[in-house]
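*Asks:*
2 protein chains.
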Amino acid sequence: MVSFELIILGSSSTLPTSKRFPTAHLLKVDERFFLIDCGEGVQMQLRKFGFNPGRIHHIFVSHLHGDHVYGLFGLLSTMGMMGRKVPLNLYGPSRLKEMMAQHFSFFGSLPFPLDFHSPSSDTSIPIYEDEKVTVTPIPLKHRILTYGYLFREKKKELNVRKDLVENYGIGIADVVRIKQGEDFITSNGSLIPNRRLTLPPYHQRSYAYISDTVFDPDLAGVLKNVDLLFHEATFSNNDKKLAAETMHSTSGQAATLAKMAGIKKLLIGHFSSRYKDHGVLEEEAREVFPYTDGVNDGEIYSVPLERVSTE
Amino acid sequence: MVSFELIILGSSSTLPTSKRFPTAHLLKVDERFFLIDCGEGVQMQLRKFGFNPGRIHHIFVSHLHGDHVYGLFGLLSTMGMMGRKVPLNLYGPSRLKEMMAQHFSFFGSLPFPLDFHSPSSDTSIPIYEDEKVTVTPIPLKHRILTYGYLFREKKKELNVRKDLVENYGIGIADVVRIKQGEDFITSNGSLIPNRRLTLPPYHQRSYAYISDTVFDPDLAGVLKNVDLLFHEATFSNNDKKLAAETMHSTSGQAATLAKMAGIKKLLIGHFSSRYKDHGVLEEEAREVFPYTDGVNDGEIYSVPLERVSTE
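Going down the list, the sequences are from chains A and B. Note that my numbering has the first sequence beginning at 1, numbered continuously upward. Note that my numbering has the second sequence beginning at 1, numbered continuously upward.
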């Protein structure tokens with residue numbers, strides 16, 4: 001079974017504790033590991049939760065604030081020490097490349113290539129694509145240039161019903177066509193619709209990462225029907241003014257967006273350390289959108305692989 | 001009782017785990033907190049072991065390798081977020097200032113002053129001094145410019161025996177002189193030696209931090225009679241050649257230096273992750289110098305305040 005799992009490596013905002021490290025997420029799609037943001041200590045968190053840093057080939061950076069990137073230096077250095085030779089891909093604002101170049105001027109270059117990728121002006125174009133997944137940048141509204149990312153599985157090939165292949169005596173070339181969605185015409189000329197010949201298609205699973213940003217209702221479009229949405233909730237509803245001033249969101253705002261977009265499950269995090277108990281933020285969000293969890297370091301959220309009826 | 005305590009915040013070398021963070025030590029002398037090296041995650045370790053980063057005013061950096069400085073960025077940022085206004089003093093190689101300046105050009109400046117201090121060419125001159133402690137840099141032999149640091153208490157004022165003050169009718173002015181080490185002449189002209197009038201003086205406690213370096217027997221002089229010596233022991237004796245190539249030390253070499261210098265207690269750390277069990281390194285060192293401990297994150301080593309006989 002192909003997995004689609006999100007691992008929370010860090011869930012705090014700027015003031016981490018020993019239990020809540022700064023922001024970092026790991027998305028596992030099949031055997032691909034996508035690292036999203038790199039808060040300080042991300043390499044120790046990967047170790048703690050049993051993931052080999054060497055298996056990461058794509059790192060997505062939202063913006064150049066320390067609590068989202070300070071773990072990048074140690075992680076890349078460790079990858080080099082571990083003998084990495086294959087390229088690592090870094091996705092994020094274009095200044096990321098310049099920042100890393102200056103960093104290496106002090107700390108020495110890496111023994112493997114770094115390939116930088118920045119979103120183009122047309123942010124509907126995927127920044128990453130392979131045979132199974134696309135990643136699309138989502139421009140956010142924060143104090144500096146910031147991108148969220150939408151990870152979505154591509155449409156999977158249809159599964160043809162083996163019993164009918166036998167019954168109708170369908171040849172290999174036709175099976176290939178049916179997998180692509182075509183109907184089948186039998187030797188006596190009758191048309192069998194594709195829908196009858198195949199199992200219901202798999203749902204294309206998706207995860208959207210939205211941090212950091214002010215409340216932006218315009219995001220509801222791009223987030224429509226997403227399975228799993230992480231949205232920052234730095235502040236409580238009582239601190240709405242502070243959220244607006246610092247260009248962050250409240251838990252209620254995150255939930256409002258989740259509701260508008262009709263997503264399946266909302267995860268909130270990036271909690272300010274001013275709240276001793278993030279349960280309050282969770283409750284505020286659930287009043288608006290019940291399917292909300294406040295995340296903790298080490299938690300795993302899976303999206304199951306399900307067939308959807310096309311009827 | 002005035003404390004002299006070393007807290008191990010991180011004990012690994014370049015490849016940290018969730019249990020062994022990169023190098024960072026905290027030395028507490030009375031109510032002063034001296035931070036020595038800043039491996040990634042040092043701010044989380046401070047929190048974990050119950051220390052408020054706001055109480056640190058002096059940070060000593062050995063050299064500009066990532067496993068000794070990557071935690072500096074997050075720690076300073078957090079200090080700023082916590083509302084720090086008072087200056088922070090950074091001690092280390094002169095490139096540290098340039099490195100931090102470039103860092104701030106990307107991540108914004110701090111809301112408090114940073115004062116940089118580099119060792120002068122005459123390294124016998126203390127780099128830090130107050131009424132109770134001096135800190136002297138120790139040039140080490142590593143791949144880049146590196147300093148160890150020797151922390152030593154200053155001589156304490158002598159305690160005058162109250163019974164004798166009364167017996168001899170000693171006035172306040174004379175008590176002050178006796179505290180400084182002078183003898184006393186009674187009204188009938190007889191000399192009472194200072195040693196009889198005072199309690200035995202306190203031992204001047206000391207801690208030396210030696211990381212990273214190749215084995216350097218010339219250090220025995222500056223480390224003579226130190227109470228507590230931390231010496232890196234990246235490698236086992238079996239990997240002596242690798243230690244020399246990378247300009248690191250073996251546990252046996254650390255112990256040899258400890259023995260030569262006649263120190264009281266040796267701490268070894270900065271272990272390479274190639275050794276699953278650092279007990280082997282500890283045993284190797286103890287064969288040469290029995291008073292050796294391999295350090296772990298969170299451990300505390302105290303040097304007791306003791307009077308020493310001058311007889």
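Just so it is clear, CB atoms sit at the ideal spot from N, CA and C, and this is done for glycine as well. Note that the structure is predicted; figures quoted are calculated from it, not measured.
1. Pick out whichever of S77/B, S206/B and R307/B has its Cα sitting closest to the Cα of L266/B.
2. Does any C-beta atom of chain A lie closer than 7 Å to the C-beta of S18/B?
3. Tell me, please, which residues DSSP counts as bridged to T136/A.
4. Is it buried or exposed for E153/A, if we count other Cβ within 10 angstroms and need 16 for buried?
5. Please report the straight-line C-alpha distance between H117/A and I125/B, rounded to a whole angstrom.
6. Out of curiosity, what's the CA-to-CA distance linking I268/B and S249/B?
7. Three-state secondary structure (DSSP) at Y291/A?
8. Measuring straight from C-alpha to C-alpha, what distance separates F230/A and D122/B?
9. If you reduce the DSSP assignment to three classes, tell me which class Y275/B lands in.
10. Identify, in the order they occur along the chain, each residue of the same chain with its Cβ nearer than 6 Å to the Cβ of K97/B, setting aside the five sequence neighbours on each side.
11. Buried or exposed: Q253/B, going by 16 or more other Cβ atoms within 10 Å of its Cβ?
12. Does the segment 33-43 of chain A come within contact of the segment 67-74 of chain A, defined as at least 3 CB pairs closer than 8 Å?
13. Excluding the 5 residues preceding and the 5 following I185/B in the sequence, name in chain order all residues of the same chain whose CB lies nearer than 6 Å to its CB.
14. Please tell me whether K235/A and S272/A are closer than 7 Å, where the distance is taken between their beta carbons.
15. If I follow the unbroken beta strand (DSSP E) through Y202/A, where does it start and stop?
16. At least one CB of chain B closer than 7 Å to the CB of L90/A: is that the case?
17. Across which residues does DSSP place I300/B in a beta bridge pair?
18. Taking Cβ positions only, does S94/A come closer than 7 Å to chain B?
19. Shortest alpha-carbon distance to T213/B belongs to which of S62/B, F33/B and G54/B?
20. Given that L35/A touches chain B, what residues does it touch there, using C-beta distances under 9 Å?
21. Does the beta carbon of M44/A come closer than 7 Å to any beta carbon on chain B?
22. Can you name, in chain order, every residue of its own chain whose Cβ lies under 6 Å from the Cβ of V295/A, other than the five neighbours on each side?
23. How about A233/B and S251/B: do their beta carbons lie closer than 7 Å?
24. Please list the residues of the segment 52-84 of chain A that have a C-beta atom closer than 8 Å to any C-beta atom in chain B, keeping them in chain order.
25. Using the Cα positions of Y275/B and H25/B, report the straight-line distance between them to the nearest angstrom.
26. Are the Cβ atoms of L110/B and L76/B separated by less than 7 Å?
27. If you compare alpha carbons, which of A258/B, L140/B, P53/B and R84/B is closest to P93/B?
28. How would you write the range of the alpha helix (DSSP H) that G269/A sits in, first residue to last?
29. Indicate the three-state DSSP secondary structure (helix, strand or coil) for Y165/A in the structure shown.
30. Check each candidate in G221/A, V226/A and F215/A and name the one with the smallest Cα separation from A243/A.
31. Using C-beta distances below 8 Å, list every residue in its chain close to N194/A, excluding the 5 sequence neighbours before and after it, in chain order.
32. If you run the structure through DSSP and keep just helix, strand and coil, what is F184/B?
33. Cβ of M81/A within 7 Å of Cβ of L15/B?
34. I believe Y149/A touches I36/A by the beta-carbon criterion, under 8 Å. Please report the beta-carbon distance rounded to the nearest angstrom.
35. Say whether chain A places a C-beta atom closer than 7 Å to the C-beta of R205/B.
36. Nearest-angstrom Cα distance between A285/A and K240/B?
*Replies:* Result, derived from the coordinates:
1. S206/B
2. yes
3. L150/A
4. buried
5. 50 Å
6. 10 Å
7. coil
8. 56 Å
9. coil
10. F116
11. buried
12. yes
13. L191
14. Correcting the residue type first, residue 235/A is Phe in the shown sequence and not Lys. Yes. Within cutoff.
15. Where Y202/A is concerned, there is no enclosing beta strand (DSSP E), given that its DSSP letter is neither H nor E.
16. no
17. I7/B
18. no
19. S62/B
20. Those within 9 Å of L35/A in chain B number zero; the least Cβ separation is about 16 Å.
21. yes
22. I8, S11, L267 and G269
23. yes
24. L64, H65, G66, D67, Y70, G71, F73, G74, S77, T78, M81 and M82
25. 22 Å
26. yes
27. L140/B
28. Per DSSP, G269/A belongs to no alpha helix (DSSP H); it is in the beta strand (DSSP E), K265 to G269.
29. The sequence as given places Val at residue 165/A; Tyr does not occur at that position. Reduced to three states, the DSSP call for V165/A is helix.
30. F215/A
31. L158, I178, G181, E182, D183 and F184
32. strand
33. yes
34. 6 Å
35. no
36. 59 Å
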